[in-house]
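K.L.:
The numbering of the sequence shown is my numbering, which starts it at 2 and goes up by one.
Idealized CB from N, CA, C, for every residue including glycine.
Everything numeric in this text was worked out from a predicted model, so none of it was measured.
Sharing a structure here in structure tokens format.
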Amino acid sequence: MFEFYRYTGRTRPVFFRGLLAVLALTLIPLSVNAQGMLLPTTQLTIGSHTANVEIAATDSSRSYGLMQRQSLPRDHGMLFVFDNAGMPCFWMKNTPLALSIAFIDAKGRIVNIADMRPHSLEEHCPTAPAVYALEMERGWFDRHKIKAGATVSNLPKSSP
């Protein structure tokens with residue numbers, strides 16, 4: 002294991018390369034996780050506007066959400082999908098982005114929209130039972146003149 006070889010005039014242990022390879026392979030997955038989970042994606046349509054979204058449909062992906070994200074590409078966000086209609090509340094702990102959230106009922110109708118401040122522990126809840134919650138860059142809904150009552154198309158089915 003400590004066998005030495007000559008390379009360009011230097012002497013190095015053979016195991017050094019193996020150690021570097023092992024370290025690199027263990028650190029690569031950590032950097033991927035620090036950027037967020039790899040989630041399925043889809044395109045939603047609201048009126049004439051399109052949103053490219055990651056789908057958070059499991060407990061772990063919904064819990065992590067957009068935490069630790071430093072930026073979102075233009076017209077990108079996250080769609081939270083719940084098994085049943087309910088009153089899910091959201092906060093912004095460990096989320097440095099300013100976001101807006103639209104709560105959406107089982108028929109695809111936006112129930113209400115709220116703006117959320119980075120790192121805030123203030124809860125934002127739907128005003129009526131929701132099956133979906135769509136987080137976008139803060140002001141995205143206002144810029145596109147999307148209000149409560151608008152219909153969202155191409156929503157994935159929630160599990161009954």
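1) Relative to the C-alpha of residue 50, which candidate in 87, 66, 110, 153 has its C-alpha closest?
2) Applying the 10 Å Cβ sphere with the 16-neighbour rule, what's the burial state of residue 120?
3) With 16 as the cutoff for other CB atoms within 10 Å, does residue 72 come out buried or exposed?
4) Assuming residue 99 and residue 142 are in contact, meaning their beta carbons sit under 8 Å apart, how far apart are those beta carbons, in whole angstroms?
5) So residue 64 is in the alpha helix (DSSP H); what residue range does that whole segment cover?
6) Could you check what DSSP says for residue 35 in three-state terms: helix, strand or coil?
7) According to DSSP, simplified to helix, strand and coil, what is residue 144?
8) What does the alpha-carbon distance come out to for the pair residue 114 and residue 46?
9) If you compare alpha carbons, which of 147, 66, 145 is closest to residue 90?
10) For residue 68 versus residue 126, is the C-beta spacing smaller than 7 Å?
11) Is the separation between the beta-carbon of residue 56 and that of residue 39 shorter than 7 Å?
12) To test your reading of the DSSP string, which unbroken beta strand (DSSP E) runs of 3 or more residues are found completely within the segment 109-153?
13) Run through DSSP, which three-state label would residue 84 get?
P.N.:
According to the structure shown:
1) Numbered from 1 along the sequence shown, position 49 holds the residue referred to as residue 50. Among 87, 66, 110, 153, the Cα nearest to that of residue 50 belongs to 153.
2) Within the sequence shown, numbered from 1, the residue matching residue 120 stands at position 119. Exposed: under 16 other Cβ atoms inside 10 Å.
3) Indexing the sequence shown from 1 puts residue 72 at position 71. Exposed is the call here.
4) Here residue 99 is taken as the residue at index 98 of the sequence shown, counted from 1. Here residue 142 is taken as the residue at index 141 of the sequence shown, counted from 1. Actually they are not in contact, since the Cβ atoms of residue 99 and residue 142 sit about 13 Å apart, beyond 8 Å.
5) By one-based count along the sequence shown, residue 64 stands at place 63. Segment 60-65, the alpha helix (DSSP H) holding residue 64.
6) Counted from its first residue, the sequence shown places residue 35 at position 34. For residue 35, the predicted model reports a pLDDT of 36, less than 50, meaning its position is unreliable and no value from the coordinates is stated.
7) For the purposes of this step, residue 144 is taken as residue 143 along the sequence shown, with counting starting at 1. Residue 144 carries a helical assignment under DSSP once its states are collapsed to helix, strand and coil.
8) Counted from its first residue, the sequence shown places residue 114 at position 113. Counted from its first residue, the sequence shown places residue 46 at position 45. In a straight line, the C-alpha of residue 114 is about 16 Å away from that of residue 46.
9) Here residue 90 corresponds to residue number 89 of the sequence shown, with the count starting at 1. Checking every option, the nearest Cα to that of residue 90 belongs to 66.
10) Translated into positions along the sequence shown, residue 68 becomes position 67. Translated into positions along the sequence shown, residue 126 becomes position 125. The answer is no: Cβ separation not under 7 Å.
11) By 1-based counting over the sequence shown, the position of residue 56 is 55. By 1-based counting over the sequence shown, the position of residue 39 is 38. No, these two residues do not count as a Cβ contact at 7 Å.
12) Every beta strand (DSSP E) of 3 residues or more that sits fully in the segment 109-153 is shown, in chain order, as 111-117, 131-138.
13) Taking the first residue of the sequence shown as position 1, residue 84 is located at position 83. Here residue 84 carries a strand assignment [DSSP, helix/strand/coil].
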